[in-house]
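Colleague:
In the UniProt record's numbering, the protein residues as written are 1 to 104.
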C-alpha cells in the first residue's frame, strides 16, 4: 500500500506531535507525523505553524477532505509536494506549498 504525506498549515504555537497524531488518527492509522518547531531563547520549542502527517493513500485523501481544525483553531490541510533530490545542496525532503523544506 502506497503512503502519502499531507501538509498541515495554521497550527497554533503550542501544537504538539502527540496531539497532531491524536487528531489525525481519527481518520486512520498514522504512519508518521511531526510538528515543525523552532528553538526560542526561553529554551522551549514552539511550533512554527506547520507540520506533516503520513498515511496510506486512501486515508490521506480522506484527511485532506475532512480534518479542518486543531482544538478549535481552523487549519489548512493539503497534499505535500515532494521535492526532488538536490545534489548540490545535499538535501532530500518534502517541499510544502509555501516552499518550506522539511528534511526527513
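Glycine residues also receive a C-beta, built at the ideal position from the N, C-alpha and C atoms. Computed from a prediction, not measured in an experiment: that's the story for all the values here.
#1: Identify which residue in 74, 11 and 73 has its Cα closest to the Cα of residue 34.
#2: What separation, rounded to the nearest whole angstrom, lies between the Cα atoms of residue 22 and residue 31?
#3: Spatial neighbours of residue 14 within its chain, please: CB distance less than 8 Å, with the 5 preceding and 5 following residues excluded, ordered by chain position.
#4: In three-state terms, what does DSSP make of residue 20?
#5: Hey, could you find the ends of the alpha helix (DSSP H) residue 58 is sitting in?
#6: Is residue 55 closer than 9 Å to residue 29 when the C-beta atoms are compared?
#7: Going by the beta-carbon positions, is the gap between residue 4 and residue 61 smaller than 9 Å?
#8: Spatial neighbours of residue 68 within its chain, please: C-beta separation below 8 Å, excluding the five flanking residues on both sides.
#9: Residue 4 bridges to which residues according to DSSP?
Modeller: Put simply:
#1: Shortest Cα-Cα distance from residue 34 to any of 74, 11 and 73 involves 11.
#2: 12 Å
#3: 46 and 47
#4: helix
#5: 57 to 66
#6: Taking C-beta atoms as the reference points, residue 29 and residue 55 count as a pair closer than 9 Å.
#7: For the pair residue 4 and residue 61, the CB atoms are nearer than the 9 Å cut-off.
#8: Beyond the five residues adjoining it in sequence on each side, residue 68 comes within less than 8 Å, by CB distance, of 74, 75 and 77 in the same chain, given in chain order.
#9: 55
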